[in-house]
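Per this note's numbering, residue 549 is the first one in the sequence shown, and the count goes up by one each step. Ideal placement from N, C-alpha and C gives every residue a C-beta, glycine not left out.
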Amino acid sequence: MAVAEAAPRAPWASRAEDSRGRLHPEPGGDARSAFRRDADRIIHSSAFRRLAYKTQVFSYHEGDHYRTRLTHTLEVVQVARSVARALGLDEDLSEALALAHDLGHPPFAHAGERVLDTCMAAYGGFDHNAQSLRVVTRLENRYPDFDGLNLSWETHEGIVKHNGPVAGPLPHAIAVHAERQDLWLWSWPCAEAQVAAIADDIAYDVHDLDDGLRAGLFDLTELTGLPLVHTVLSDIHARWPDLDRARVFHELGRRMITVLIGDVVAESRRRIEAARPDDADAIRRLGHAVIGFSAETAAAEKAIKAFLFPRMYRHPRVMATMEAAGDVVRELFARYMADTKALPEEWRASVEGRGEAARARRIADFLAGQTDRYALAEHARLFDRAPELR
Numbered sequence: 549m550a551v552a553e554a555a556p557r558a559p560w561a562s563r564a565e566d567s568r569g570r571l572h573p574e575p576g577g578d579a580r581s582a583f584r585r586d587a588d589r590i591i592h593s594s595a596f597r598r599l600a601y602k603t604q605v606f607s608y609h610e611g612d613h614y615r616t617r618l619t620h621t622l623e624v625v626q627v628a629r630s631v632a633r634a635l636g637l638d639e640d641l642s643e644a645l646a647l648a649h650d651l652g653h654p655p656f657a658h659a660g661e662r663v664l665d666t667c668m669a670a671y672g673g674f675d676h677n678a679q680s681l682r683v684v685t686r687l688e689n690r691y692p693d694f695d696g697l698n699l700s701w702e703t704h705e706g707i708v709k710h711n712g713p714v715a716g717p718l719p720h721a722i723a724v725h726a727e728r729q730d731l732w733l734w735s736w737p738c739a740e741a742q743v744a745a746i747a748d749d750i751a752y753d754v755h756d757l758d759d760g761l762r763a764g765l766f767d768l769t770e771l772t773g774l775p776l777v778h779t780v781l782s783d784i785h786a787r788w789p790d791l792d793r794a795r796v797f798h799e800l801g802r803r804m805i806t807v808l809i810g811d812v813v814a815e816s817r818r819r820i821e822a823a824r825p826d827d828a829d830a831i832r833r834l835g836h837a838v839i840g841f842s843a844e845t846a847a848a849e850k851a852i853k854a855f856l857f858p859r860m861y862r863h864p865r866v867m868a869t870m871e872a873a874g875d876v877v878r879e880l881f882a883r884y885m886a887d888t889k890a891l892p893e894e895w896r897a898s899v900e901g902r903g904e905a906a907r908a909r910r911i912a913d914f915l916a917g918q919t920d921r922y923a924l925a926e927h928a929r930l931f932d933r934a935p936e937l938r
């Protein structure tokens, strides 16, 4: 069966009609399922639009063809829907979770997150997965009757457990939310959430190789030591020995996505058949993931990450840019904490009369929501110097 072919709905798939519901009950209103409405609400959110100008690896000004946090998210959605379709899972829920997984990411990629976590160390820290939950439950204010997007229980669960069960000490946003809603933090998430998580790995493994090649951080010849990449490249060169470099890049990415999705589908079917779950809750109670790579592909995927870490994420060019970007976040946080008048009016009003910890959390909310270019504009407004992110 082709990977993209839809399988019949599986007994262990999440069912919108059986959802545990929303924090604030709402009438159905239209023909969409609860999970389809969740995905649509995320697409229309301000936080989702801001992903267009948030760094994935390369800052937005370095070129129009590199992935941004938004285009990364869209690639995750494509992979997640393909896997969910092949396994008979709920595609809309997998899409909603893929759309939401990076909503809490601050500007300047993981450099921005590391700096913001350091700034917030005395106030509960900062974690972008937890911040994504905060975005959809508190910070997106679009509706007259409640704060947040009022998404389904299953969507909240999948956002929180993007990396699996959550054990203490809980990140601040999750600890606060746990007082309002029990998300079974001890369990694995539904299969659709597991699909969104592995789709994230597939998307960034493949597109980071593509962006790194495009940026000249490494060359195709340096990838031949990676088992999966070597196999795909050998087949491409055998079939099209004179294919130009740009088309080789695209064919490599296209084929790798196909191989990785195919492996996940086959391995996940094997695990599910062995576990014989009756419903979505049986997946949660298993104590291990049912969506994953085979052992051989897991090793090959790990080798890709091991290559990318020093050759791309810690490349001197990338590091120099991200160190300067981290200074922007650090200096903005310190300035806002020292002088709340430096905040825009609506944010200034939200911190007035609050204690230090609450003030710091609101400032972290403001900073995490900023795009790269907004953070740079704020820095230029408040300081005499502008960092050179090149």
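Under the three-state DSSP convention, the category residue i falls into
{"i": "R570", "result": "strand"}
{"i": "N960", "result": "Summary: the structure shown does not reach residue 960, with the chain confined to residues 549 through 938, and so no result is reported for it."}
{"i": "L603", "result": "According to the sequence as given, residue 603 is Thr; it is not Leu. Three-state DSSP puts T603 in a strand."}
{"i": "T888", "result": "helix"}
{"i": "A582", "result": "helix"}
{"i": "N689", "result": "strand"}
{"i": "S630", "result": "helix"}
{"i": "G500", "result": "No information on residue 500 is available, as it lies outside the stretch 549 to 938 that the chain covers here."}
{"i": "G696", "result": "strand"}
{"i": "L761", "result": "helix"}
{"i": "G706", "result": "helix"}
{"i": "H620", "result": "helix"}
{"i": "T769", "result": "helix"}
{"i": "A751", "result": "helix"}
{"i": "A882", "result": "helix"}
{"i": "Q729", "result": "coil"}
{"i": "D790", "result": "coil"}
{"i": "L651", "result": "coil"}
{"i": "R933", "result": "coil"}
{"i": "W560", "result": "coil"}
Close beta carbons around residue i, own chain, < 6 Å, minus the five adjacent residues each side
{"i": "F674", "result": "L664, D665, M668 and A912"}
{"i": "L761", "result": "F797"}
{"i": "A582", "result": "A564, S567 and S700"}
{"i": "S562", "result": "D638, L641, E702, C738, E740 and A828"}
{"i": "R817", "result": "none"}
{"i": "I820", "result": "V838"}
{"i": "A550", "result": "Note that A550 has pLDDT 45, beneath the 50 cutoff, so the model's placement of it is unreliable and the number below is only indicative. Excluding residues within five positions, none has a Cβ falling inside 6 Å."}
Whole-angstrom C-beta distance between residue j and residue i, which should lie under 8 Å
{"i": "D756", "j": "M860", "result": "6 Å"}
{"i": "A554", "j": "R629", "result": "Between R629 and A554 the Cβ distance is about 10 Å, and since that is not below 8 Å, they are no contact."}
{"i": "W706", "j": "A744", "result": "The question names Trp, but residue 706 is Gly in the sequence shown. G706 to A744, Cβ: 6 Å. Contact."}
{"i": "L915", "j": "R883", "result": "L915 to R883, Cβ: 11 Å. No contact."}
{"i": "R617", "j": "D650", "result": "6 Å"}
Residue range of the unbroken alpha helix (DSSP H) whose run includes residue i
{"i": "V941", "result": "Nothing in the structure corresponds to residue 941, since the chain is present only between 549 and 938."}
{"i": "P737", "result": "No alpha helix (DSSP H) holds P737; DSSP gives it neither H nor E."}
{"i": "T616", "result": "That residue, T616, is in no alpha helix (DSSP H); it is neither H nor E in DSSP."}
{"i": "Q679", "result": "H676 to R682"}
{"i": "P775", "result": "P775 to R787"}
{"i": "R909", "result": "E904 to G917"}
{"i": "S898", "result": "E893 to V899"}
{"i": "R921", "result": "D920 to L930"}
{"i": "D640", "result": "E639 to A648"}
{"i": "R597", "result": "S594 to R598"}
{"i": "H720", "result": "H720 to A726"}
Contacts around residue i, its chain only, beta-carbon distance under 8 Å, and the 5 residues preceding and following it disregarded
{"i": "G874", "result": "F656, A659, G660, R662 and V663"}
{"i": "A830", "result": "W560 and A823"}
Neighbourhood of residue i by C-beta distance below 7 Å, restricted to the same chain and skipping five residues each side
{"i": "I746", "result": "V812, I839 and G840"}
{"i": "A721", "result": "A678, Q679, L681 and R682"}
{"i": "E643", "result": "A587, V625, A628 and R629"}
{"i": "H725", "result": "L681 and T685"}
(Q) Please give the ranges of any alpha helix (DSSP H) in the segment 821-874, keeping only runs that are unbroken, at least 4 residues long and fully inside the region. (A) Segments of the alpha helix (DSSP H) lying fully in the segment 821-874: 828-833 and 843-856.
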